[in-house]
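Worksheet: the structure to be examined is printed underneath.
Numbering (the UniProt record's numbering), first residue to last: 1 to 104.
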């Protein structure tokens with residue numbers, strides 16, 4: 001039995017000709033965030049264009065939290081921020097999972 005999101009996929013849920021584990025393993029969504037030095041190095045080594053300025057932007061994952069100084073929040077506020085962040089991540093990843101796996 002495998003857990004995929006909030007849905008449990010059991011061997012009895014699949015058809016005899018369907019290999020559920022290989023289907024789950026076929027979903028490969030790698031996320032890698034480059035640091036500023038890596039971006040600068042890639043652009044300079046590739047050579048197609050140059051840049052005058054490269055700066056980064058820190059983004060708060062909680063769209064409801066407008067206070068960037070709120071790093072030492074209370075436990076209740078942390079719970080709310082966690083829920084908001086989970087909703088945002090789900091909004092971005094759920095369509096990817098649904099398009100690959102369908103509605104389980």
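Backbone N, C-alpha and C fix where the C-beta goes; we use that ideal spot for every residue, glycine too. Bear in mind that the values here come from a model prediction, so they are computed numbers and not experimental data.
Would residue 54 and residue 40 be called neighbours here (beta carbons separated by less than 8 Å)? yes
For the alpha helix (DSSP H) containing residue 52, name the first residue and the last one. Careful: residue 52 lies outside any alpha helix (DSSP H) and carries neither H nor E.
Handout entry: CB of residue 43 within 8 Å of CB of residue 51, strictly
Key = yes
With distances taken Cα to Cα, identify the nearest neighbour of residue 65 among 46, 85 and 49. 85
How big is the Cα-Cα spacing for residue 102 and residue 82? Annotation: residue 102 to residue 82 spans about 27 Å, alpha carbon to alpha carbon.
Can you list, in chain order, the residues of its chain whose CB lies under 8 Å from that of residue 87, leaving out five sequence neighbours each side? none
To which residues of the same chain is residue 61 closer than 7 Å at the C-beta, ignoring the five residues directly before and after it? Around residue 61: 85 and 88.
Q.
Quick check on residue 29: does DSSP put it in helix, strand or coil?
A. coil
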